[in-house]
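Residue numbers (the numbering used here): 8 to 207.
A virtual CB, placed ideally from N, CA and C, is assigned to each residue, including glycine.
The structure presented is a predicted model; accordingly, all values stated were derived computationally and were not measured.
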């Protein structure tokens, strides 16, 4: 009975989802959240400008550079990174509290952040979302019509570097269909929930 009680009272999963810019992680994550409403999405703190349609406190917490620096100095981030000229950070205590309460949390962060989470939380479930090809990634970036030619070139070069670091991840999912990619993520989450882990 003790073992069954431990299984029922499991800690929540900390799931990391990373992808190159333009690989479709926002759309796939949105689809996953529809399929698995019991997963809690961590809202990242960022200094970047709000895009059309984004809401503060729903998509990101938008803060000034000064406020971000203060939070960093207070040790409030599980990980933080500079990405394309803006700062992004994951609120540390919130993630740990959610997992301790048995809630599964998903973090949408870049490869730098993923490596930092792996160091801090070795048991984190690490998932890398890939585009079907670099040509398709370029097409998606162009279709967004939000980046200049220089920015597209920079993002493609960065994507290649990120893909080369895929070895720190546990799973790779190719996003050739948002719905199918989300289904694969759901399968990973279900399997990880059933994994037997030694309780300390």
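Three or more beta-carbon pairs under 8 angstroms between the stretch 117-126 and the stretch 155-162, yes or no?
No: the two stretches stay apart, fewer than three of their Cβ pairs being nearer than 8 angstroms.
Mind checking who residue 63 pairs with in its DSSP beta bridge?
To locate residue 63, count along the chain shown from 1; it is residue 56. Residue 63 is bridged to 67.
Helix, strand or coil: which one does DSSP assign to residue 133?
In the chain shown, residue 133 corresponds to position 126, counting from 1. Reduced to three states, the DSSP call for residue 133 is strand.
Who are the Cβ neighbours of residue 144 in its own chain at under 8 angstroms, not counting the five residues just before and after it?
Start at 1 with the first residue of the chain shown, and residue 144 comes out as number 137. Result list for residue 144: 27, 29, 30, 138, 163, 166, in chain order.
Hey, out of 140, 112, 60, 202, whose CA is closest to residue 51's CA?
On the chain shown, position 44 is the one that residue 51 refers to. Of the candidates 140, 112, 60, 202, the one whose C-alpha sits nearest the C-alpha of residue 51 is 112.
Give the DSSP bridge partners of residue 88, in chain order.
Counting from one through the chain shown, the residue named residue 88 turns up at place 81. Per DSSP, 95.
Look at the alpha carbon of residue 124 and the alpha carbon of residue 133, and state the distance between them as a whole number of angstroms.
Position 117 of the chain shown holds residue 124. Position 126 of the chain shown holds residue 133. Distance between the alpha carbons of residue 124 and residue 133: 9 angstroms.
Would you identify the three-state DSSP class for residue 206, choosing helix, strand or coil?
Your numbering for residue 206 matches position 199 in the chain shown. The predicted position of residue 206 is uncertain, since its pLDDT is 44 and thus under 50; a value taken from the coordinates is nonetheless stated next. It is coil, neither helix nor strand.
Does the stretch 189-198 come close enough to the stretch 30-48 that 3 or more CB-CB pairs lie under 8 angstroms?
They touch, by the three-pair rule.
Please report the distance separating the alpha-carbon of residue 136 from that of residue 203.
Residue 136 sits at position 129 when you count from the first residue of the chain shown. Residue 203 sits at position 196 when you count from the first residue of the chain shown. Approximately 25 angstroms, taken between the alpha carbons.
Give me the Cα-Cα distance between residue 198 and residue 19, rounded to the nearest whole angstrom.
The residue given as residue 198 occupies position 191 in the chain shown. The residue given as residue 19 occupies position 12 in the chain shown. Taking the straight line joining both Cα atoms gives about 13 angstroms.
For residue 21 versus residue 106, is the C-beta spacing smaller than 8 angstroms?
By 1-based counting over the chain shown, the position of residue 21 is 14. By 1-based counting over the chain shown, the position of residue 106 is 99. Yes, these two residues count as a Cβ contact at 8 angstroms.
Expressed to the nearest angstrom, what Euclidean distance is found between the alpha-carbon atoms of residue 205 and residue 86?
Translated into positions along the chain shown, residue 205 becomes position 198. Translated into positions along the chain shown, residue 86 becomes position 79. In this predicted model, residue 205 has a pLDDT of only 42, less than 50, meaning its place in the structure is not dependable enough to derive any value.
Let's test the definition: count the other Cβ atoms within 10 Å of the Cβ of residue 201 and tell me whether it reaches 16, buried, or not, exposed.
Locating residue 201 in the chain shown gives position 194, counting from the first residue. That one is exposed.
Taking C-beta to C-beta, are residue 75 and residue 96 nearer than 8 angstroms?
In the chain shown, residue 75 corresponds to position 68, counting from 1. In the chain shown, residue 96 corresponds to position 89, counting from 1. The answer is yes: Cβ separation under 8 angstroms.
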